[in-house]
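Okay, so the sequence shown: first residue is 31 according to the working numbering, each after it adds one.
C-beta atoms are modelled at their ideal positions from N, C-alpha and C, and glycine is treated no differently.
Encoded as structure tokens, the structure appears first; notes follow it.
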Amino acid sequence: MGEHRAPRFGVLYAAESLLGPRTGVGRAALEVARAAAPLLAAGDLFLVAHGRLLPAGFLDAPPESGTAPAESPPGWRAALAGFGPARLAFEAMMRRRMRGLARAAGAPGRPVLLHEPNLIPRPYDAGPTVAVVNDVSWRRDPSAHPAERIAWIERNLPRALRQVTRWVAISAFTAAEAAAEFGLDRGRIAVVPLAVSPAFRPLPAEAAAPVLAAHGLTDSGYILAVGTLEPRKNLERLAAAHAALPAPLRRRFPLVLAGGIGWGGVEAGPQLSRGIRAGEVRLLGRVGEAELVALYARAAAAAYVSLYEGFGLPVLEAMACGTPLVHSATTAVAEVGGDSGLPVEPADPKAIAAGLRTVLEDAALAARLRAAGLARAAEFGWDRTARRMVAIWREAAGA
């Protein structure tokens with residue numbers, strides 16, 4: 031008797047978030063695509079951006095080296111921000127273009143689905159659509175987003191709710207948020223947690239020394255905070271907490287911020303500005319993955335006190351590197367951290383300061399957090415995430 035093979039299906043994997051400098055959404059989308067590709071038959075996963083196929087081998091490119099076909103203006107996101115006949119014409123054009131990609135991706139009779147890693151899919155009617163909800167922060171805290179971003183999401187969300195066959199949330203917290211905000215049956219939302227790359231691991235001091243030297247840092251001599259530098263990351267309160275530490279601790283352990291400048295910037299806050307002027311807060315900007323691993327691995331502590339997160343990938347990254355972590359006791363950050371970090375109230379700078387001081391001064395606690403964090407991070411893996419995602423694709427495709 032011959033071996034039974036599951037029916038094949040094609041996946042058009044929306045890859046805009048993979049291009050150029052990547053935020054957490056883009057890094058997660060890249061890891062899922064890389065881990066899912068070997069689980070499908072050869073040639074069944076197609077990366078698409080701006081209605082065009084990305085070149086073969088894109089997933090093998092270095093993390094920040096990918097380039098996309100030039101987007102003909104108006105780009106799909108810009109066009110979908112409009113109103114009236116122009117927007118309807120663009121939607122019709124994009125549907126035709128996506129149908130052409132679906133024909134190229136699938137043999138006759140074989141389903142081809144669209145996977146959207148970032149909530150709002152481009153118009154697609156040639157098969158099912160699976161979309162990922164990363165958070166609903168624009169509803170919970172509109173002040174943390176530019177008005178045009180919120181308007182774009184809200185204008186296109188009704189179409190997405192009609193189009194999407196299967197929703198995926200990156201945490202149980204986000205699934206509950208999406209069900210409440212979108213009026214969805216919670217049973218329609220699958221939970222597929224993110225994970226952490228094997229590159230994030232403990233490093234000996236000598237391996238990280240060149241990176242630390244390049245940034246003027248000393249081994250175990252700084253507090254690291256990672257993330258896009260924007261209002262909801264709560265950096266002003268984190269800077270206030272750092273400023274509240276005793277002067278010897280502040281000087282011995284500067285606050286190091288690694289991340290690109292996001293909406294709202296960080297320069298205007300008085301606490302951050304004071305810390306930067308005093309040399310007690312340092313902005314490294316966006317750093318590559320290898321640098322980031324070294325920075326995590328040799329930090330005295332990491333702090334992630336975001337006000338709202340749908341997951342909080344830096345939580346896992348810090349833990350995987352064996353770094354004691356002070357993190358928010360709210361939203362999905364608490365879910366991801368479990369019992370393996372030191373939770374604090376993110377709206378209270380005094381609570382954040384107390385958490386930082388405890389980790390910096392209590393060596394036994396720091397050692398326990400390192401061990402617990404490594405064990406917690408090991409519970410998450412991109413292979414596991416990808417297997418679950420492929421099962422959802424197969425279910426949605428009816429294959």
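Continuous alpha helix (DSSP H) stretch holding Arg312: start and end = No alpha helix (DSSP H) contains Arg312, which is instead part of the beta strand (DSSP E) from 311 to 315.
query = Leaving out the 5 sequence neighbours to the left and right, which residues in its chain are closer than 8 angstroms to Val374 when beta-carbon positions are compared?
reply = Answer for Val374: Val335, Val356, His357, Ser358, Ala359, Ala381, Ile382, Ala384, Gly385, listed in chain order.
task = Within its chain, find whatever has a CB closer than 7 angstroms to the CB of Gly342; leave out the 5 residues flanking it on each side and keep chain order.
result = Tyr334, Ser336, Ala362, Val363, Val366, listed in sequence order.
task = Taking Leu69 as part of the alpha helix (DSSP H), name the residues at either end of that continuous run.
result = No alpha helix (DSSP H) contains Leu69, which DSSP labels as neither H nor E.
message = Between Val78, Pro278, Arg196, which has its C-alpha nearest Gly130's C-alpha?
response = Gly130 has its Cα closest to that of Val78, out of Val78, Pro278, Arg196.
task = May I ask you to report which of helix, strand or coil DSSP gives Val323?
result = Val323 sits in a helix when the DSSP states are folded into three classes.
key: Proximal residues to Thr53 (C-beta, below 7 angstroms), its chain only, five neighbours per side dropped   = Contacts found: Thr258.
request  = Give the DSSP-derived three-state secondary structure of Thr415 in the structure shown.
outcome  = Here Thr415 sits in helix by DSSP.
message = So, with DSSP's three-state summary, where would you put Pro92?
response = Note that Pro92 has pLDDT 43, beneath the 50 cutoff, so the model's placement of it is unreliable and the number below is only indicative. In the three-state reduction of the DSSP assignment, Pro92 falls in the coil class, being assigned neither a helical nor a strand state.
query = Per DSSP, what kind of secondary structure is Leu42 in: helix, strand or coil?
reply = Correct three-state label for Leu42: strand.
request  = Pull up the DSSP beta-bridge partners for His357, would you.
outcome  = Looking at the DSSP assignment, His357 forms a beta bridge with Tyr334, Pro373.
ask   = Which full runs of the alpha helix (DSSP H) of 4+ residues lie inside the segment 256 to 296, going along the chain?
value = Secondary structure within the segment 256 to 296: the alpha helix (DSSP H) runs of 4 or more consecutive residues, fully enclosed, are 265 to 273, 277 to 282 (chain order).
The segment 180 to 195 / the segment 138 to 150 touching (three or more Cβ pairs under 8 angstroms) = Verdict: yes, contact present.
ask   = Are the Cβ atoms of Ala65 and Thr415 separated by less than 8 angstroms?
value = Result yes, Cβ atoms of Ala65 and Thr415 sit closer than 8 angstroms.
task = Can you tell me the Cβ-Cβ gap for Tyr154 and Leu254, rounded? I've got them flagged as a contact below 8 angstroms.
result = In fact, because the Cβ distance is near 40 angstroms, the residues do not count as touching under 8 angstroms.
key: Per DSSP, the bridge partner or partners of Arg179   = Arg179 pairs with nothing; no bridge assigned.
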